[in-house]
Amino acid sequence: MKIEGSDTKEQSNDNNDSAPVNMGEGKLNINLPAANDRYVVNRFDISNAFYQFQCSVKTMLDEDGSLCLESHVQHILALSCIFLVKPLQFHEDVKTYIPNTVLDQMVDDLQTRYHINKRGTPLGLLSKTLPLLDDVRTRRIDQDEATARLLLLKGDLSGDEFRIVKSIAMLLQNLPENRITNTIMEQELLTRFIEPALAPLFENTIGKVLFRWTATTNDEYKATTAVTVSQDRPDACISNLDGMVWGATLGFGEVKCFSQMGNKFAIAKDLVRLALFAKNSIDVHNLHGVLVFQVIGRHAFFYLVNLLNDGLYIMLEIGNIELPACLMDLPAYVAQAHRLLDVLSLYDDMCVSWTAMETKSFSTRKRKTLDADTQNNIIDKTRNRKRPSITSFKYQ
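Quick note on full-length UniProt numbering: the sequence shown kicks off at 1 and runs consecutively.
Dropping the structure here:
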């Protein structure tokens, strides 16, 4: 049985033979959540409904099935006890167990809990930065002068607002005056557009937090064998320093260049990887949450992964922004400051370690991650850009 496939298929280079997948004991860590530690919204037991959805995914696979990555990201993540929550974007199989009205209430509850979309436009920040950017546009001052004046605003703004100002300053130093018409490949995208925007938001060298591009096995894999941890590497990490060595990873990022915008398979694969990286960091380092971001072209999507209740890791989309392509785009970037403030506030509040008391009581909430070999075996090796996908990106 092929689940939600398509007659027209783009074959990958992998072997397309589909063998039965036995999801027996030892493969999964799906258990009925503890009765006294469940996520309930308006008397609806989300934890139990998600457990029923997990069981249905296991049944699908036990019946000689496979999952199409483009269409079944929520199914694949459910096997590692991760509930992907993208507002207004849920697979029909999820809706079988959680009605649309309850899903809407759940999203509202999570956004209220984490204060998402609840703040107004930071008018003080805009009033101090937009005139400077206008002076650069009209060439009354150059980029260096504007950068110097921006950095002098530190005493006039909140800490989070000044992080955004530093991001603007770094972009002033890196962006071209006008848009580049050539194809921007991934390395150029990383160094000229993404790092100047994001690194100042999350990096704090004095506080021993570094934003880095990684090219090796992730640190959680090297740190433990106590839990199932993937050895894959992410494109980017936000890492604590523990003395002179890497400590907990507080954030992960994946990047796809413009040419990959329509590649549903690759985008879905990156989102699954990010979810598993975050879950593993929570499990290894006993963190309240981990921030992940997925950049597709110049569009950045932010998620928080949080071990909310027993056996329930919520992966909530908390916002998205468009990164500027040139100096002329900077005012539009500044206009998204309220979204960046949501991300920064949540990152500061949630990407922290449990207390000793919390570690003692929360550790039983954890579940094992589905091992990489089993996960690879359950994913259909064919690719088709026509498959429906809740994780695909369409340029607006």
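Glycine included, every Cβ here is placed at the ideal spot set by N, Cα and C. A quick note: this is a predicted structure, and the numbers were derived from the prediction, not measured.
- By the neighbour-count criterion, in which a residue is buried when 16 or more other Cβ atoms sit within 10 angstroms of its Cβ, Ser363 is exposed.
- Leu79 places its beta carbon less than 9 Å from that of Leu370.
- Burial state of Glu161 is buried, judged by a 10 Å Cβ sphere holding 16 or more other Cβ atoms.
- Looking from the CA of Asp232, the closest CA among Lys86, Ala372, Gln89, Ile30 belongs to Ala372.
- Counting along the chain, Asp160 sits inside no beta strand (DSSP E); it lies in the alpha helix (DSSP H) bounded by residues 159-174.
- Each of Val352, Ala49, Val73 was checked against the Cα of Arg387, and the nearest Cα belongs to Val73.
- Gly247 and Arg139 have their alpha carbons spaced roughly 45 Å apart.
- Setting aside the 5 residues that flank it on each side, Ser392 is surrounded in the same chain by Lys264, Ile267, each with a C-beta closer than 7 Å to its C-beta; the list follows chain order.
- Going by DSSP, Phe211 is part of no alpha helix (DSSP H) but of the beta strand (DSSP E) stretching over 209-213.
- In this chain, the alpha helix (DSSP H) harbouring Thr59 covers 46-62.
- Cβ-Cβ separation between Ile390 and Phe90: approximately 7 Å, consistent with a contact (criterion under 8 Å).
- Nearest neighbour of Ser259 by Cα position, chosen from Ile282, Gly124, Met185, turns out to be Met185.
- Note on Lys208: under 16 other CB atoms within 10 angstroms of its CB, so exposed under the neighbour-count rule.
- With respect to Leu84, Met315 sits close: the two C-beta atoms are nearer than 9 Å.
- DSSP places Lys95 in the helix class (H, G or I) of the three-state scheme.
- In the structure shown, Ile184 adopts coil according to DSSP, grouped into three states.
- Judged by their CB atoms, Asn42 and Gln105 are nearer to each other than the 9 Å cut-off.
- Per DSSP, reduced to three states, the secondary structure at Asn280 is helical.
- Your pair Val295 and Ser281 does not check out as a contact, with CB atoms roughly 19 Å apart and the cut at 8 Å.
- Annotation: His288 is outside any beta strand (DSSP E) and is labelled neither H nor E by DSSP.
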